[in-house]
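Chemist: Residue numbers for the sequence shown follow numbering that gives the first Met the number 0, so the first one is 0 and each next one is one higher.
We put the CB at the ideal spot given by N, CA and C, even for glycine.
Everything numeric in this text was worked out from a predicted model, so none of it was measured.
What follows is a single structure, and I will ask about it in a moment.
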Amino acid sequence: MDWFQEGHVAIVTGGSRGLGKALARVLLAKGVLVIVDGRDAVKLERARKELADVGNVVAIAGDVSDPGHAHALIAAARRAGRLDLLVNNASTLGMVPLPAVADLDRPTFDSLFAVNVFAPIHLTQHAL
Numbered sequence: 000m001d002w003f004q005e006g007h008v009a010i011v012t013g014g015s016r017g018l019g020k021a022l023a024r025v026l027l028a029k030g031v032l033v034i035v036d037g038r039d040a041v042k043l044e045r046a047r048k049e050l051a052d053v054g055n056v057v058a059i060a061g062d063v064s065d066p067g068h069a070h071a072l073i074a075a076a077r078r079a080g081r082l083d084l085l086v087n088n089a090s091t092l093g094m095v096p097l098p099a100v101a102d103l104d105r106p107t108f109d110s111l112f113a114v115n116v117f118a119p120i121h122l123t124q125h126a127l
C-alpha cells in the first residue's frame, strides 16, 4: 500500500465497524486523512474516537443511499483539498436471518439495491 501515504485523503463508507473500520485504521497509520461514515451516529462517534488515536479522521453520520449524505462526504474531501481513494464498503443484507429471495418484498428489495448498488455508483460518480 505504498500508493497511500501521508497527505492523501480517503473516504471509507461503513467505517464505524468491521472491515471499513479496520481499513480506516491501516490508512490512518500511513498518515492518510480518512473520512468515515456510518448510519448509527453513536457507534460512528465511538469509532471516530478510537481511530483518532491512530490518525486524522473525520466522521460523518448518515446513510449512503441518501444523495445529500453522499454529497457531504465528497464535500469533506474537497475541503481537505483532494480525494485519492474511495472505498464503497457500506452495505446492508436486510433482515437477519436472510429470507429466501422468493420471499423478499418490494420495499426490502428496493432498500437492498439502493444501498448496495445505486449508492456506490452515485458516490463514485460524484467523486469523479
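(1) Let me check understanding here. Comparing Cα to Cα, which of P119, N88 and G6 lies closest to S15?
(2) Quick one: grab the DSSP three-state call for A9.
(3) Hey, could you find the ends of the alpha helix (DSSP H) A40 is sitting in?
(4) Which one of A69, V86 and G13 has the shortest CA to CA distance from A46?
(5) Which residues does DSSP list as the beta-bridge partners of L72?
(6) Specify, as a first and last residue, the run of the beta strand (DSSP E) that L127 falls within.
(7) Check the C-beta distance from H7 over to V31 and give it rounded, since I have them as a contact under 8 Å.
(8) Could you have a look at V57 and say whether DSSP puts it in helix, strand or coil?
Modeler: Inspection of the coordinates gives the following:
(1) In the sequence shown, counting from the first residue as 1, residue 15 sits at position 16. When each option's Cα is compared against that of S15, the closest is N88.
(2) Here residue 9 is taken as the residue at index 10 of the sequence shown, counted from 1. Taken through DSSP and simplified to helix, strand or coil, A9 comes out as strand.
(3) Position 41 of the sequence shown, counted from the first residue, corresponds to residue 40. A40 to A51 is the span of the alpha helix (DSSP H), which, as asked, contains A40.
(4) In the sequence shown, residue 46 corresponds to position 47, counting from 1. Checked all of A69, V86 and G13; the closest Cα to A46 is G13.
(5) Here residue 72 is taken as the residue at index 73 of the sequence shown, counted from 1. According to DSSP, which records beta bridges pairwise, L72 is partnered with nothing at all.
(6) Within the sequence shown, residue 127 is the residue found at index 128, counting from 1. L127 -> no beta strand (DSSP E), and no H or E assigned at all.
(7) Taking the first residue of the sequence shown as 1, we reach residue 7 at position 8. Taking the first residue of the sequence shown as 1, we reach residue 31 at position 32. The pair is a contact, with the Cβ atoms about 5 Å apart (cut-off 8 Å).
(8) In the sequence shown, counting from the first residue as 1, residue 57 sits at position 58. Note: V57 maps to strand in three-state DSSP.
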